[in-house]
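Trainee: Numbering (this note's numbering), first residue to last: 86 to 469. Ideal Cβ placement from N, Cα and C applies to all residues, glycine included. This is the structure I have questions about; it appears just below.
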Amino acid sequence: LESVLLDYVPFLVLLFSLFVAAGGIVIKGTLAGTPKINTLILFIGTALASWIGTTGAAMLMIRPLIRANSWRKNKVHLMVFFIFLVANIGGSLTPLGDPPLFMGFQRGVPFTWTFHLLPILLVNLAILFVAFFGIDTYFYKKELAAGRNPETGEEKEPIRIEGAHNFIYIAMIIIGVISNGMLPKVCSFFADGAGIPVFEGVVFPYAITVEIVVLLAAAFLSMKTTKKETRAANNFTFAPMEEVAKLFIGIFITMIPALILLKVHGSELGLSKPWEMFWGTGILSSFLDNTPTYMVFLQTAGALGETTGIHTTVGIVSQIMLEAISAGAVFMGANTYIGNAPNFMVKSIAEQEGIKMPSFFGYMMWSVAILIPVFIIDTFLFFL
86 LESVLLDYVP FLVLLFSLFV AAGGIVIKGT LAGTPKINTL ILFIGTALAS WIGTTGAAML
146 MIRPLIRANS WRKNKVHLMV FFIFLVANIG GSLTPLGDPP LFMGFQRGVP FTWTFHLLPI
206 LLVNLAILFV AFFGIDTYFY KKELAAGRNP ETGEEKEPIR IEGAHNFIYI AMIIIGVISN
266 GMLPKVCSFF ADGAGIPVFE GVVFPYAITV EIVVLLAAAF LSMKTTKKET RAANNFTFAP
326 MEEVAKLFIG IFITMIPALI LLKVHGSELG LSKPWEMFWG TGILSSFLDN TPTYMVFLQT
386 AGALGETTGI HTTVGIVSQI MLEAISAGAV FMGANTYIGN APNFMVKSIA EQEGIKMPSF
446 FGYMMWSVAI LIPVFIIDTF LFFL
């Protein structure tokens, strides 16, 4: 009950509100799916991810990428790299980008501390964008050789944004999420504590209540003020959200025993070096939700008895250790479809648009071949 009420419900409301608000924004105009255009779309999405969240950036940019490449036969690599860059790695620069970093912010990590991840991010982006451009150029030439062409023959339309007022609702969502980290201090003045008693030992915090109200209000206003034609242009349906809701209720419930074992026996794992924390956090974040995994390893690092570093509510954590845990949680969420919720949403939307996505293990073949070598480079450059 505690996991569903305090973790799953806020998680789902956040995804839902960002899905609705971003789904009301349409980028119209003629975009030819060339390697340069595709790289630009991925770059914009990656840059936005740290500021409007990986979910917001993914929902905003996935449909323009699909429309620009509607003429292509080979599109799977586009979706795979979109998940790597926009739905995961791009969200590493601020606590707004990915939930694990926001949980760190709530526990005393300074808001701007995540800028320390910039050198690691730049190395990863340089490698992945070069790899993407090379792979996309290869498939682009195959499309041209097969007689397919991005030029439709129709008159080119200028690029324009429709439904831009939804950015206001995205800002509302961001404010609502940030308020969750500030309201507990205000709510502590309530006579009956900082929440609503639900069950013995389970209290629903006022801060989460306020956050949910703000987020649902933003989603409601987005639905009411956005033209139906605008959402139709995005092929907007709630099917991807329904799939995510069903998948992650299973994940949130079945991960409880694993997380309890980590909390109780985490100190026995012998993880005391940055590279161990990087891979330990990352591997578990690939298959469990990366937010509670981050919290468990943050707690483990806080118990190591450091005397200098970042002062958090779970103890003093050395900067290099915190970088390793943060990078592992955010970056390696891209290793599987279930490593981060936007991954599965992108997969669902792509399949709705007729793109045959790889199976769970088929996707992992991509991530093992492309991401794992990048993370090995990260290990040698930053965590040894």
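List, from N- to C-terminal side, the alpha helix (DSSP H) runs of 4 residues or more that fit wholly inside the stretch 194-262.
Mentor: Correct list: 203-230.
Trainee: Given a threshold of 16 other Cβ atoms within 10 Å of its Cβ, counted over all protein chains shown, does F284 qualify as buried or as exposed?
Mentor: Exposed is the call here.
Trainee: My output table needs one value for G394: the three-state DSSP class, helix, strand or coil.
Mentor: Correct three-state label for G394: coil.
Trainee: Report the residue from F128, L346 and I405 whose alpha carbon sits nearest the alpha carbon of F217.
Mentor: Cα-wise, what sits closest to F217 is F128.
Trainee: Mind reading off the beta-carbon distance from V165 to A143? Whole number of angstroms is fine, and I expect it under 8 Å.
Mentor: Contact doesn't hold; Cβ gap of about 13 Å is too wide.
Trainee: Under DSSP, the beta strand (DSSP E) around V111 begins and ends at which residues?
Mentor: V111 to K113 is the span of the beta strand (DSSP E), which, as asked, contains V111.
Trainee: Using DSSP's beta-bridge definition, name the partner residues of V288.
Mentor: Looking at the DSSP assignment, V288 forms a beta bridge with P282.
Trainee: For a test of the three-state rule: what should DSSP assign to V165, helix, strand or coil?
Mentor: Helix, per DSSP.
Trainee: Considering only residues of the same chain and omitting the five flanking positions on each side of G394, which have a CB-CB separation below 8 Å?
Mentor: So the qualifying residues of the chain are I401, V402, S403, Q404, M406 and L407.
Trainee: Are G248 and V111 touching if we call contact CB-CB under 7 Å?
Mentor: Yes. Within cutoff.
Trainee: Alpha carbon to alpha carbon, how far is V295 from G261?
Mentor: Cα to Cα, the separation comes out at about 8 Å.
Trainee: Just verifying my parser: in three-state terms, what is the DSSP assignment at I440?
Mentor: I440 falls in the coil class under three-state DSSP.
Trainee: Taking C-alpha atoms, which residue in L181, H162, T310 and T222 lies nearest to Y448?
Mentor: Minimum Cα distance to Y448 is reached at H162.
Trainee: Rounded C-beta distance between F378 and T366? I'm assuming under 8 Å.
Mentor: The question names Phe, but residue 378 in the sequence shown is Thr. Between T366 and T378 the Cβ distance is about 6 Å, and since that is below 8 Å, they are a contact.
Trainee: For the stretch 141-192, list the alpha helix (DSSP H) runs that are entirely contained and at least 4 residues long, ordered along the chain.
Mentor: Counting only runs of 4 or more, we get 161-170 and 184-191.
Trainee: How would you call M380, buried or exposed, if buried means at least 16 neighbouring beta carbons within 10 angstroms?
Mentor: Buried is the call here.
Trainee: Kindly list the residues whose CB is nearer than 7 Å to the CB of I464, restricted to its own chain and excluding five residues on each side of it in sequence; keep chain order.
Mentor: Going by the sequence as given, residue 464 is Thr instead of Ile. Hits under 7 Å: W360 and F363.
Trainee: Are at least three pairs of beta-carbons, each pair with one atom in the stretch 139-159 and one in the stretch 87-103, less than 8 Å apart?
Mentor: Because the criterion of three Cβ pairs below 8 Å is met, the stretch 139-159 and the stretch 87-103 touch.
Trainee: Can you give me the start and stop residues for the beta strand (DSSP E) that G418 sits inside?
Mentor: Looking at the DSSP string, G418 is not in any beta strand (DSSP E), and its letter there is neither H nor E.
Trainee: When we look at the beta-carbon of I338 and count the other beta-carbons within 10 Å, is it buried (16 or more) or exposed?
Mentor: Result: exposed.
Trainee: Can you look up G335 in the DSSP assignment and give me helix, strand or coil?
Mentor: G335: helix per DSSP, three-state reduction.
Trainee: Any idea if R157 is buried or exposed, counting beta-carbon neighbours within 10 angstroms, 16 or more meaning buried?
Mentor: Result: buried.
Trainee: Do I258 and N428 have their C-beta atoms closer together than 7 Å?
Mentor: No, these two residues do not count as a Cβ contact at 7 Å.
Trainee: What span of residues does the beta strand (DSSP E) with G400 cover, start to end?
Mentor: Element bounds for G400: G400 to V402.
Trainee: With burial defined as no fewer than 16 other Cβ atoms inside 10 Å of the residue's Cβ, what is the status of P180: buried or exposed?
Mentor: So P180 ends up on the buried side.
Trainee: Taking the C-alpha atoms as reference points, what is the distance between G286 and G280?
Mentor: The straight-line gap from Cα to Cα measures roughly 12 Å.
Trainee: Which of helix, strand or coil does DSSP assign to N375?
Mentor: Here N375 sits in helix by DSSP.
Trainee: Within 7 Å of any Cβ in chain C, is that where the Cβ of H396 sits?
Mentor: Any reference to chain C falls outside this structure, which holds one protein chain only.
Trainee: Identify which residue in L356, F382 and S433 has its Cα closest to the Cα of A330.
Mentor: Selected option, being the one with the closest Cα: S433.
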